[in-house]
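**Student:** Just add 527 to the spot in the sequence shown (first one is 1) and you have the numbering used here.
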Amino acid sequence: MPCPQAPEKERIARAARKLIHDGETLLINGGSTTSIFSGNLERLKLTIVTNNLGVPAALPADGAAEVYILGGRYRRNARVTTGPMLVSGTRVTVDTAVIGVSGIAADEGLTAANLEESLVAGEMIAAAEE
Numbered sequence: 528m529p530c531p532q533a534p535e536k537e538r539i540a541r542a543a544r545k546l547i548h549d550g551e552t553l554l555i556n557g558g559s560t561t562s563i564f565s566g567n568l569e570r571l572k573l574t575i576v577t578n579n580l581g582v583p584a585a586l587p588a589d590g591a592a593e594v595y596i597l598g599g600r601y602r603r604n605a606r607v608t609t610g611p612m613l614v615s616g617t618r619v620t621v622d623t624a625v626i627g628v629s630g631i632a633a634d635e636g637l638t639a640a641n642l643e644e645s646l647v648a649g650e651m652i653a654a655a656e657e
């Protein structure tokens with residue numbers, strides 16, 4: 528089923544891509560926007576660490592030099608791996624975390640699909656320089 532927010536997600540992905548530089552190491556979490564972002568990483572040699580199983584397939588052929596998939600419990604409906612030890616247990620440190628969210632609410636801020644995904648996002652943010 529087509530995503531009604533696809534044009535907005537593509538604009539977000541293109542804007543985020545402008546912040547990424549050749550040679551960086553990225554942590555990318557789950558979600559359709561981060562998968563779309565991954566498809567915009569052409570002509571960059573990057574190291575990508577992700578729990579999003581949609582990222583490797585979305586990467587352009589001339590994109591990432593290395594891709595690492597974080598282990599954990601597989602959430603089939605979201606196509607991600609989760610778990611409290613996912614990032615901190617691997618002692619990953621990266622240049623940039625690319626974090627997608629389920630929603631943005633004026634009174635609640637950023638929201639995640641579930642508790643485990645929000646914990647993973649928090650660990651990814653803590654492991655990143657930016």
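Think of the CB as a built atom: it goes at the ideal place given N, C-alpha and C, for glycine as much as any other residue. Computed from a predicted structure; not experimentally measured.
On a Cα-Cα basis, can you pick out the residue from ALA533, PRO534, GLY558, SER565 that is closest to LYS545?
**Tutor:** With distances taken between Cα atoms, LYS545 lies closest to SER565.
**Student:** Give the range of the beta strand (DSSP E) segment to which THR623 is assigned.
**Tutor:** Its beta strand (DSSP E) spans residues 623-625.
**Student:** Is THR574 near the ligand FAD, in the sense that its beta carbon is under 7 Å from a heavy atom of that ligand?
**Tutor:** Among the components of this structure there are no ligands whatsoever, and the ligand FAD is therefore not found.
**Student:** Under the assumption that SER559 contacts VAL582 (Cβ atoms under 8 Å), give the Cβ distance between them as a whole number of angstroms.
**Tutor:** About 11 Å; that fails the 8 Å criterion.
**Student:** Nearest by alpha-carbon distance to LEU573: which of GLY630, ASP549, LEU554, GLU656 is it?
**Tutor:** Checked all of GLY630, ASP549, LEU554, GLU656; the closest Cα to LEU573 is ASP549.
**Student:** Whose C-beta lies closer than 8 Å to the C-beta of ARG600 among residues of the same chain, with five residues either side of it excluded?
**Tutor:** Taken in chain order, the residues that qualify are THR608, THR609, GLY610, GLU643.
**Student:** Please tell me whether PRO534 has its Cβ less than 8 Å away from any Cβ of chain C.
**Tutor:** No chain C is part of this structure, which consists of one protein chain only.
**Student:** Report yes if the CB atom of ASP622 is closer than 8 Å to the CB atom of ALA655, and no otherwise.
**Tutor:** Yes, the Cβ-Cβ distance between ASP622 and ALA655 is below 8 Å.
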